[in-house]
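Numbering (the UniProt record's numbering), first residue to last: 1 to 313.
Structure follows, in structure tokens:
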């Protein structure tokens, strides 16, 4: 049974989020609060009991982090927050703490949050469930990018990672940046089939070899390079004409609440829902920005793992 309970941290995290993102306090105070929030994230990742004392710089905490998969990624982010937090909050630092310096530390905070999903997808393969993919797509683009760019560095042949990463780059940065990334990775993407061998084998088993071959030949893309370029252009055009549907936790929150919580009691989904709930803990909704998703930004997802074709936001 898990020791860390999101519910028990609601009040604390709400206060921390309020001071970091929704108050008029100084950047110096905000950075000091980020260091406190980083401690909560470490407690969550290491599943530490609320009654147990801990400091993020303690040797035993460092040793526990070392036992985690991809620990280097987490430790680098945590070390940056610790160093900058100490630097800017000590009385020896007399200069102004700028918005840019604050943004740099927030970026490292997002790395820590992304780490939880990175390790989740180490246990449960990214792309194995459509409902998880769709809920994941309701996170801010920058968080999706951080998770996916890391997964791509380890699993460059996972077509679902490639597909979602190309779209995350468009939404987090720009169409031009997504095209640049796709061109850089062209040699790999050209060698990736849009329809996975596993998907074709499953279709052939259930529907027959002829049906599987018809599906393969009828798809509009020969490889992942072609699919990525096409999707990048379509999503780029949607953003140009309609703007971003959501770009940060605040604007994404109402969509997550309405469409992102998966109703299932399996351990896989309970763990996923628990992580997503923590990521949104303490965030405030931008109610004025909420639009019901009658016609969301949808691009046909032709990556097939079984005989279903899903749609992705």
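Idealized CB from N, CA, C, for every residue including glycine.
Item: Straight-line Cα distance separating residue 103 from residue 188; Value: 33 Å
Item: Alpha-carbon spacing of residue 226 relative to residue 161, whole angstroms; Value: 15 Å
Item: Presumed contact (8 Å Cβ cut-off) between residue 85 and residue 45, rounded CB distance; Value: Their Cβ separation, rounded to whole angstroms, is 18 Å, which puts residue 85 and residue 45 out of contact at 8 Å.
Item: Residue 168 versus residue 5 - alpha carbon distance; Value: 30 Å
Item: Close-in-space but distant-in-sequence residues of the same chain around residue 236 (CB under 6 Å, 5 per side omitted); Value: 170, 175
Item: Own chain, CB closer than 8 Å to residue 17, minus 5 neighbours either side, in chain order; Value: 37, 281, 282, 283, 284
Item: Whole-Å CB distance - residue 349 paired with residue 272, under 8 Å assumed; Value: Here the chain covers residues 1 to 313 and nothing more, so residue 349 does not appear.
Item: Segments assigned alpha helix (DSSP H), at least 4 residues, entirely inside the region 219 to 253; Value: 224 to 242
Item: Contact set for residue 120: own chain, Cβ-Cβ below 8 Å, skip 5 residues either direction; Value: 271, 272, 275
Item: With 16 other Cβ atoms within 10 Å as the buried cut-off, status of residue 137; Value: buried
Item: Any alpha helix (DSSP H) of 4 or more consecutive residues that is wholly inside the region 83 to 131; Value: 99 to 123
Item: Backbone secondary structure at residue 48 - three-state DSSP; Value: coil
Item: Top-ranked residue by Cα proximity to residue 223, from 67, 25, 158; Value: 158
Item: Residue environment, residue 33, which counts as buried when at least 16 other CB atoms sit within 10 Å; Value: buried
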